[in-house]
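Laid out in structure tokens, this is it:
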């Protein structure tokens, strides 16, 4: 087992179980962390995309090409502004709809 949470001295089985729980209950986990309103209609595709990207089995995980074609990204609409401290590639806050195919963000 690898990854950030699988540091030496940690219980790999417990970590794997927690990761599976988070992915299976992503909407609830985001809600409990005080994240976005994932119950809104516009976030249905966003949560679906996150779950597909976090799929444990690489054979079942969404590919980058498939992710770009996913309705959440292909719609060309940003659901909410980027988190504080992030900007679009042009240094402007992301507009609400995005006129480019893919919005890219970078740290200031």
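Residue numbers (UniProt numbering): 1 to 108. No residue lacks a Cβ here, since even glycine has one placed at the ideal position from N, Cα and C. It should be emphasised that the depicted structure is a prediction, and the values quoted were computed from it without experimental measurement.
**Prompt:** DSSP on residue 107, reduced to helix/strand/coil?
**Reply:** With a pLDDT of 44 at residue 107, under the threshold of 50, the predicted position of this residue should be treated as unreliable, and no value is reported.
**Asked** So what does DSSP say about residue 71, is it helix, strand or coil?
**Response** helix
**Best match in 17, 9, 51, 13 for proximity to residue 28 [C-alpha to C-alpha]** = 51
**Prompt:** What's the C-alpha gap between residue 21 and residue 74?
**Reply:** Looking at the backbone, the Cα of residue 21 and that of residue 74 are separated by about 28 Å.
**Prompt:** With a CB to CB cut of under 8 Å and the five nearest residues on each side skipped, what residues in its chain are close to residue 14?
**Reply:** None.
**Message:** If I follow the unbroken alpha helix (DSSP H) through residue 55, where does it start and stop?
**Reply:** No alpha helix (DSSP H) contains residue 55, which DSSP labels as neither H nor E.
**Message:** Please classify residue 30 as buried or exposed, where buried requires at least 16 neighbouring CB atoms within 10 angstroms.
**Reply:** buried
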